[in-house]
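These notes concern the structure reproduced below.
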Amino acid sequence: FVRARTSGQAPAERCSHTATLVGGRFLIIIGGGYTEPGGGPFRHFDCVHRLDTRTLRWDMPVATGPRFPARRGHTACLHGPTGRIVVFGGDSDSGLRDDVWMLDVSGTG
């Protein structure tokens with residue numbers, strides 16, 4: 033392993049997120065969360081971060097449409113023919129989820 037030196041708006045430390053490679057270049061991070069040091073409730077994230085693996089620069093693409101419900105422990109995969117990342121399930125503040133969300137990344141890469 034070699035630690036990458038990234039720049040830009042990197043995601044906060046987290047666990048239980050997904051990472052999906054798009055176009056062989058962009059790593060899309062969705063959701064996840066963490067527990068505050070010393071305990072406390074788990075904090076779930078609803079954000080999307082993108083790492084350009086060529087430039088090693090992070091950014092936060094703007095998603096349109098309804099707000100994605102915060103979650104962790106979900107699954108995600110790229111559906112190549114439609115250019116969408118499909119997200120299923122996970123855990124949130126309201127409990128386990130069985131919903132499906134799609135993020136259009138066809139313009140990425």
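Take the sequence shown: its position 2, counted from the start at 1, is 34 in our numbering, and no numbers get skipped. We treat Cβ as the ideally placed atom computed from N, Cα and C, and that holds for glycine. Computed from a predicted structure; not experimentally measured.
Review point. For the putative contact between G139 and R129, defined by C-beta atoms under 8 Å, what is the C-beta separation to the nearest angstrom?
Key: Translated into positions along the sequence shown, residue 139 becomes position 107. Translated into positions along the sequence shown, residue 129 becomes position 97. Contact flag wrong, Cβ pair sits at about 27 Å.
Review point. With distances taken between CB atoms, is the gap from F77 to A108 smaller than 8 Å?
Key: Indexing the sequence shown from 1 puts residue 77 at position 45. Indexing the sequence shown from 1 puts residue 108 at position 76. Taking a C-beta distance under 8 Å as the contact criterion, F77 and A108 do not qualify as a contact pair.
Practice item. Give the single residue among G112, G105, H81 and H111 whose Cα lies nearest to the Cα of S39. Key: Residue mapping note: residue 39 aligns to position 7 of the sequence shown, counting from 1. Among G112, G105, H81 and H111, the Cα nearest to that of S39 is on H81.
**Study point:** With 16 other Cβ atoms within 10 Å as the buried cut-off, status of T50
**Key:** Along the sequence shown, read from residue 1 onward, the residue named residue 50 stands at position 18. Around the C-beta of T50, 16 or more other C-beta atoms lie within 10 Å, and the residue is accordingly described as buried.
Review point. How long is the line joining the alpha carbons of A42 and W133, rounded to whole angstroms?
Key: Reading the sequence shown from its first residue, position 10 is the one you call residue 42. Reading the sequence shown from its first residue, position 101 is the one you call residue 133. Answer to the nearest angstrom: the Cα atoms are 23 Å apart.
**Study point:** Among T52, C79 and P93, the one whose alpha carbon lies nearest that of E45
**Key:** As a first step, residue 45 is located in the sequence shown; it is residue number 13 there, counting from the start. With distances taken between Cα atoms, E45 lies closest to C79.
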